[in-house]
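Working notes, beginning with the structure itself.
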Amino acid sequence: MSILGLKKKQPKTFKVKVITMDAEMEFSCEVKWKGKDLFDLVCRTIGLRETWFFGLRYKVKDTNAWLKTEKRVLDQDVPKDSPITFNFLAKFFPEKVEEELVQEITQHLFFLQVKKQILDEEIFCSPEASVLLASYAVQAKYGDYDPNFHKPGFLAQDELLPKRVLMQYQMTPDMWEEKITAWYAEHRGIARDEAEMEYLKIAQDLEMYGVSYFSITQNKRDTELLLGVDAQGLHIYSPNSKLTPNKSFPWSGIRNISYSEKEGLCCVGKERDQGHGVMFTIKPLDKKKDVFKFYSSQLRVNKLILQLCIGNHDLFMRRRKVDSIEVQQMKALAKEEKARKKMERQVLAREKQMREEAERAKEEMERRLFQLQDEARMANEALIRSEETADLLAEKAQIAEEEAKLLAHKAAEAEQERQRLEVTALKTKEEKRLMEQKMREAETLAVKLVEQSERRLKEADHLKQDLTEAKDAERRAKQKLLEITKTTYPVASSYAGPPPAAPEYPDASAESGSLRMDFKDSDMKRLSMEIERERLEYMEKSKHLQDQLKELKSEIESLKLEEQQQQAGLFGLPPPQARAAYQEPMYLPHSNRNSAYMTQMAYFEEV
3 MSILGLKKKQ PKTFKVKVIT MDAEMEFSCE VKWKGKDLFD LVCRTIGLRE
53 TWFFGLRYKV KDTNAWLKTE KRVLDQDVPK DSPITFNFLA KFFPEKVEEE
103 LVQEITQHLF FLQVKKQILD EEIFCSPEAS VLLASYAVQA KYGDYDPNFH
153 KPGFLAQDEL LPKRVLMQYQ MTPDMWEEKI TAWYAEHRGI ARDEAEMEYL
203 KIAQDLEMYG VSYFSITQNK RDTELLLGVD AQGLHIYSPN SKLTPNKSFP
253 WSGIRNISYS EKEGLCCVGK ERDQGHGVMF TIKPLDKKKD VFKFYSSQLR
303 VNKLILQLCI GNHDLFMRRR KVDSIEVQQM KALAKEEKAR KKMERQVLAR
353 EKQMREEAER AKEEMERRLF QLQDEARMAN EALIRSEETA DLLAEKAQIA
403 EEEAKLLAHK AAEAEQERQR LEVTALKTKE EKRLMEQKMR EAETLAVKLV
453 EQSERRLKEA DHLKQDLTEA KDAERRAKQK LLEITKTTYP VASSYAGPPP
503 AAPEYPDASA ESGSLRMDFK DSDMKRLSME IERERLEYME KSKHLQDQLK
553 ELKSEIESLK LEEQQQQAGL FGLPPPQARA AYQEPMYLPH SNRNSAYMTQ
603 MAYFEEV
């Protein structure tokens, strides 16, 4: 059996994966489906009615291409993967987002796409505008700022600023978060769709918003330029500057845009050997202005430029016409929806406000209840303390009464003691007067004794002088006797005669000498005995007088001490004042007496 040929059965469907800005969807498409069928399916799935802004984009050889709606999907240069991946993105941008974007889903998709372009630095944004846009993005995601819920660090996982801005300033993530939160706190009360619309209103004023850039050359000099296509028209830029165009052609000033391939230089579907490729011609509406020509060398880029020019020009003309019935209905429904949502938000805000007021009232009542409970507890404690204080005061009153009685008794005793002390003071004054009189007598006696001692001292000096004279007389007498004796014995021996005759009184001369010597010795002994006797008598009198003075001194000191105590108790005088009041110089005579006594003792010892 031979088989002439077998054809593989072709599948009737193919799988498609569509990635939007916030979701991924997979569809099973029929082979015969056109691009419009797949696009309408995606729009119906996400509930999008403003379809003219969007398209399905795919990637071919590092270039982006948009799925054509009038051709079958599989007949286009789509990837041969399974599933085929498309990105559902905004292809055309509105001139005024607030007027043209009707549906909330449309605003949300534009918001997500523009936000991603800013973060990926496809749209240049200054640091100040980046922080403000980030605050609206946070408001759209988290709602109203609540410091109790949104603690520091709650934005740590969110990508809110371009890396270029983060690297431009030496600031920590916490510092950036603080700046964003400061703006975020001011957006209180703004709903999510309003926050996203505010974001888009700021973003649409950026220079690179909604602009698609393509590399081109001008004339035969191969001058590299950039072509920008947006909702306003066509713009020519320098390669190193995408912010300020060198030349602009608004859609209202363009009469025609055409492109053609130079003969022999290009051909569709084949690679070029040389030349500039496709030449685009922009003809201004004003015929006096020059026609602008530029060249692009890539076929897919040329087709993309043409698609964007046609689409943006169609939307430009459409905006200046009366809206279609469908758009009018959409705007009416959107207006009603916004009014309804606004009403709902107002009702919700009132309910939220009432709930917050009720919670505040509840907290205030709870606080007041706790305060009253504390006041009741404090009042109860104060009552207990007052009862204890009353009991204590009663005890103190009883004690005070007893102390008053005791003080009255002590006052009576003190009065008696005062009277007794007054009597004692009178007696003390009399005794003091007597003691002073005795002291004066003792001082007089001491003076007399001093005078007597001085007199005795003088007598002792005279006696000492007499004794010295007596000793000198005795010494002279002895000397004279010796001289007489020596003179007598040599003469007798020289005559060698018989001894002299005995005197009539042989013992007369010896007796006279011995009597004279005995007389001198007896006088000295007698004088010494008298002096010793007088010294002993004087010492005895001095000792007696000294004892009397000591007794007087001790009595005076005791009387002074008693008087000081009485005066301090009766008249409130301090003891030093009372003591100073009665001090008198009474010890000078005693010191003089002691001086005289020591002088006499020294003399007697010398004698």
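Residues in the sequence shown are numbered from 3 upward in steps of one, following the working numbering.
Where a beta carbon is used, it is the ideal one built from N, C-alpha and C, also for glycine.
Since this is a predicted model, take the numbers as computed values, not measurements.
Looking at Pro81, Lys118, Phe294 and Val20, the one whose alpha-carbon comes closest to that of arginine 257 is Phe294. Of all C-beta pairs linking the region 173-193 to the region 138-153, three or more are shorter than 8 Å, placing the two stretches in contact. Residue environment: glutamate 565 is assigned as buried (16 or more neighbouring CB atoms within 10 Å of its CB, all protein chains considered). In this model, threonine 65 and glutamate 359 are separated by some 59 Å (Cα to Cα).
Under the criterion of beta carbons closer than 8 Å, glutamate 100 and lysine 203 qualify as touching, at roughly 6 Å. DSSP, read as helix, strand or coil, puts proline 13 in coil. Judged by beta-carbon spacing, aspartate 122 lies within the 9 Å limit of proline 164, meaning their Cβ atoms are closer than that value. Here glycine 235 is buried. Its C-beta has 16 or more other C-beta atoms within 10 Å. Arginine 535 has no beta-bridge partner at all, per DSSP. Residue pairing from DSSP places proline 286 in a beta bridge opposite Ile256. Counting the other Cβ atoms within 10 Å of the Cβ of asparagine 304 gives 16 or more, which makes it buried.
Judged by DSSP secondary structure, valine 62 falls within the beta strand (DSSP E) whose first and last residues are 56-62. Measuring C-alpha to C-alpha distances from histidine 546 to each of Lys61, Thr108 and Leu451 identifies Leu451 as the nearest.
With fewer than 16 other Cβ atoms from the protein chains shown falling within 10 Å of its own Cβ, serine 530 counts as exposed.
The DSSP-derived three-state label of asparagine 66 is strand.
By the C-beta criterion, the region 106-119 is judged to be in contact with the region 16-23, since at least 3 inter-stretch pairs fall below 8 Å.
Under the 10 Å beta carbon count, asparagine 150 is surrounded by fewer than 16 other beta carbons and is classified as exposed. Distance check between serine 128 and each of Gln170, Gln159, Lys14 and His152 places Gln170 closest, using alpha-carbon atoms only.
No Cβ-Cβ contact shorter than 9 Å links glutamate 97 with aspartate 195. For alanine 92, the enclosing beta strand (DSSP E) starts and ends at 86-92. Boundaries for isoleucine 192: no beta strand (DSSP E) harbours it, and the DSSP string shows neither H nor E there.
At least 9 Å separates the beta-carbon of alanine 197 from that of tyrosine 261. Note on geometry: alpha-carbon atoms of serine 30 and histidine 152 lie some 44 Å from one another. Rounded to the nearest angstrom, the gap between the Cα atoms of glycine 155 and glutamate 179 is 8 Å.
When Cβ pairs closer than 8 Å are counted between the two stretches, the region 61-75 is seen not to touch the region 46-53, the count staying below three. If you look at lysine 295, you'll find it in the beta strand (DSSP E) that goes 294-298. At the C-beta level, phenylalanine 90 and valine 133 stay beyond 9 Å of one another. In this structure, the alpha-carbon of arginine 435 lies about 14 Å from that of alanine 444.
The shortest CA-to-CA distance from lysine 117 to any of Ser544, Met199 and Gly37 is the one to Met199.
At a Cβ-Cβ threshold of 9 Å, proline 81 and lysine 17 do not count as neighbours. Comparing alpha carbon positions, the residue from Phe216, Lys488 and Gln481 closest to aspartate 232 is Phe216.
A straight line joining the alpha-carbon of isoleucine 386 with that of lysine 407 spans about 32 Å. Straight-line measurement puts the Cα of leucine 168 at about 9 Å from the Cα of threonine 174.
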